[in-house]
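Colleague: With this note's numbering as the guide, the letters of the sequence shown map in order to residues 21 to 344.
Just so it is clear, CB atoms sit at the ideal spot from N, CA and C, and this is done for glycine as well.
First the structure, then my questions, so here it is.
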Amino acid sequence: MKKRALITGITGQDGSYLAEFLLEQGYEVIGMIRRSSTVNFERIKHIQDRITLAPGDLMDEVSLIGLLREYRPTEVYNLAAQSFVQTSFSQPVFTGEVTGLGVTRLLDAIRIVDPEIRFYQASSSEMFGKVVEVPQRETTPFYPRSPYGVAKVYGHWITVNYRESYNLFACSGILFNHESPRRGLEFVTRKITHGVAQIKLGLANELRLGNLEAQRDWGYARDYVKAMWLMLQQDQPDDYVIATGQTHSVRRFCEIAFGHVGLDYRDYVVQDERFYRPAEVDLLVGDASKAREKLGWQPETSFEELVQMMVEADLKLLKQEHRL
Ligand code: NAP
Ligand code: G4F
């Protein structure tokens, strides 16, 4: 029988890659979308005729119960969230509602409709925050540094709790930063590659950023969605760190991205107080040994390849948009 997966957050970066991957595996894919006044299917328009889009919202439990009753998925991937750390400082309660409590609403809906459903929760390396161990692994204690990180810690533990309390097949993937040409423009990697392309094409003359010394373990989103699926194919539910094991500063990202088009970032990057955070996560680097050993997962794209791919994609995009 054809497997059926429900993806929340299908219009987001990861949702679009996961939908593609599951279609390749022969799944029937249902994507939950929330109501908006304008269509935002940019990332999924190329697969729209092969997936089913159904309305629902993590803020509304009845909508979740209705979706599960109507489509009876065998796997649910919860990728929906208010996912931007900076916004979580200005909208902490909203972030807690969606990114934190939203997980409980979905888990309860599963418990009510069909406790046999396999569940994936999109947990985050942001939970490690002010890190107490380097590199970070599944056993590293959490020390979140933003309302987003706090909400993700709640989402993580409620997933563990429902697994232990109700015997749900619920997994939490602790994913380190992963990027792609489909990354939202507000996140630093895409902001840089889009900015580089604008400058190279004469559409801008500076790029305003915040803290250049922050270090992140950046991987490629397409590689990471496979790990989500692998977690739900195991005999037992568990939690896994997904990371490359390498870390780089925002400054280094700039150096490579500008360097790729023959520019020196020091001539264009301006540091701007507006992009600093009330509390920063200085260093993230993950140890994905457990995923490598138990899931057979490993990243396939290098940091340099990722940066160059994103710069090239933004150059292409802007040339089309501006008919250059
Ligand atoms: P993203 O591009 O920001 O996508 C977020 C998705 O959530 C969008 O489809 C959005 O819908 C949807 N959404 C937001 N609020 C919702 C609500 N109330 N009800 C239903 N849907 C809602 O995020 P991403 O980068 O793909 O990340 C996917 C997940 O992984 C998120 O949970 C994120 O926190 C987590 N994560 C990401 C990373 C990373 O580096 N990318 C690392 C660790 C964990 P709209 O399009 O309508 O806004
Ligand atoms: O790209 P960022 O906004 O990503 P951040 O905060 O690491 O969060 C992302 O990764 C998490 C996994 O660890 C996810 F859970 C989360 O959903 C999201 O996908 O910022 C990265 C770093 C930060 O240290 C920030 O202070 O870049 C620094 N930065 C410097 N200048 C900037 C800027 N970040 C942004 N967004 N914009 C800047 O101008």
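Alpha helix (DSSP H) containing Tyr174: first to last residue?
Modeller: Its alpha helix (DSSP H) spans residues 167 to 186.
Colleague: Does at least one heavy atom of the ligand G4F sit under 7 Å from the Cβ of Ala247?
Modeller: For the ligand G4F, not one heavy atom lies less than 7 Å from the Cβ of Ala247.
Colleague: Could you spell out where the alpha helix (DSSP H) holding Gln328 opens and where it closes?
Modeller: Gln328 -> alpha helix (DSSP H) spans 323 to 341.
Colleague: Starting from the C-beta of Leu87, find all residues in its chain whose C-beta is less than 7 Å away, skip the five residues before and the five after it, and write them out in chain order.
Modeller: Result list for Leu87: Leu26, Met52, Ala74, Gly76, in chain order.
Colleague: State the DSSP-derived secondary structure class of Ser345, mapped to helix, strand or coil.
Modeller: Any answer about residue 345 is impossible in this case: the structure gives the chain only from 21 up to 344.
Colleague: Identify which residue in Ala101, Ile262, Ile132, Val118 has its Cα closest to the Cα of Arg92.
Modeller: Closest option to Arg92, Cα to Cα, is Ile132.
Colleague: When burial is assigned at 16 or more other CB atoms within 10 Å of the CB, is Val290 buried or exposed?
Modeller: By the neighbour-count rule (16 or more Cβ atoms within 10 Å), Val290 is not buried but exposed.
Colleague: Can you look up Leu250 in the DSSP assignment and give me helix, strand or coil?
Modeller: If DSSP states are grouped into helix, strand and coil, Leu250 belongs with the helices.
Colleague: Please report the residue range of the alpha helix (DSSP H) in which Val305 lies.
Modeller: Note, Val305: premise wrong, no alpha helix (DSSP H); not H, not E.
Colleague: Could you tell me which of Met79, Tyr168, Gln141 sits nearest to Pro112, measuring between CA atoms?
Modeller: Of Met79, Tyr168, Gln141, the residue nearest in Cα terms is Tyr168.
Colleague: Taking buried to mean at least 16 other C-beta atoms within 10 Å of its own C-beta, is Arg202 buried or exposed?
Modeller: Buried is the call here.
Colleague: Look at the alpha carbon of Ser166 and the alpha carbon of Met21, and state the distance between them as a whole number of angstroms.
Modeller: Spanning the two alpha carbons is a distance of roughly 43 Å.
Colleague: Whole angstroms are fine: how far does the CA of Leu303 sit from the CA of His268?
Modeller: Straight-line Cα distance between these residues: approximately 9 Å.
Colleague: Note down, in chain order, each residue of its chain lying with its Cβ closer than 6 Å to the Cβ of Ala263, except the 5 sequence neighbours on either side.
Modeller: Taken in chain order, the residues that qualify are Phe196, Asp237, Gly306, Ala308.
Colleague: So Ala129 and Gly29 are in contact, right, with Cβ under 8 Å, and what is the actual spacing, rounded?
Modeller: The Cβ separation is near 16 Å, so there is no contact.
Colleague: If we ignore side chains and look at the alpha-carbon of each, how far apart do Lys310 and Glu184 end up?
Modeller: Lys310 and Glu184: Cα-Cα distance of roughly 21 Å.
Colleague: Beta carbon of Thr28: closer than 7 Å to some heavy atom of the ligand NAP?
Modeller: Within the cutoff, so yes.
Colleague: Does the pairing of the region 237 to 246 with the region 172 to 187 give three or more beta-carbon distances under 8 Å?
Modeller: No: the two stretches stay apart, fewer than three of their Cβ pairs being nearer than 8 Å.
Colleague: For the beta strand (DSSP E) that contains Phe139, what are its first and last residues?
Modeller: Unbroken beta strand (DSSP E) run through Phe139: 138 to 144.
Colleague: Closest to Gly116 by C-alpha separation, out of Tyr140, Thr209, Gly193, Val173, would be which residue?
Modeller: Nearest of Tyr140, Thr209, Gly193, Val173 to Gly116, Cα basis: Val173.
Colleague: By the three-class DSSP mapping on this structure, what secondary structure does Thr28 have?
Modeller: Looking at Thr28 - three-state DSSP - the assignment turns out to be strand.
Colleague: Residues in its own chain within less than 7 Å of Arg125 by CB, not counting five upstream and five downstream?
Modeller: Cβ neighbours of Arg125 beyond the five flanking positions: Leu78, Glu81, Leu84.
Colleague: Alpha carbon to alpha carbon, what distance is there between Leu127 and Pro319?
Modeller: Those two C-alpha atoms are separated by around 29 Å.
Colleague: What I want to know is whether the C-beta of Leu229 ends up closer than 7 Å to one or more non-hydrogen atoms of the ligand G4F.
Modeller: Leu229: yes, Cβ under 7 Å from the ligand G4F.
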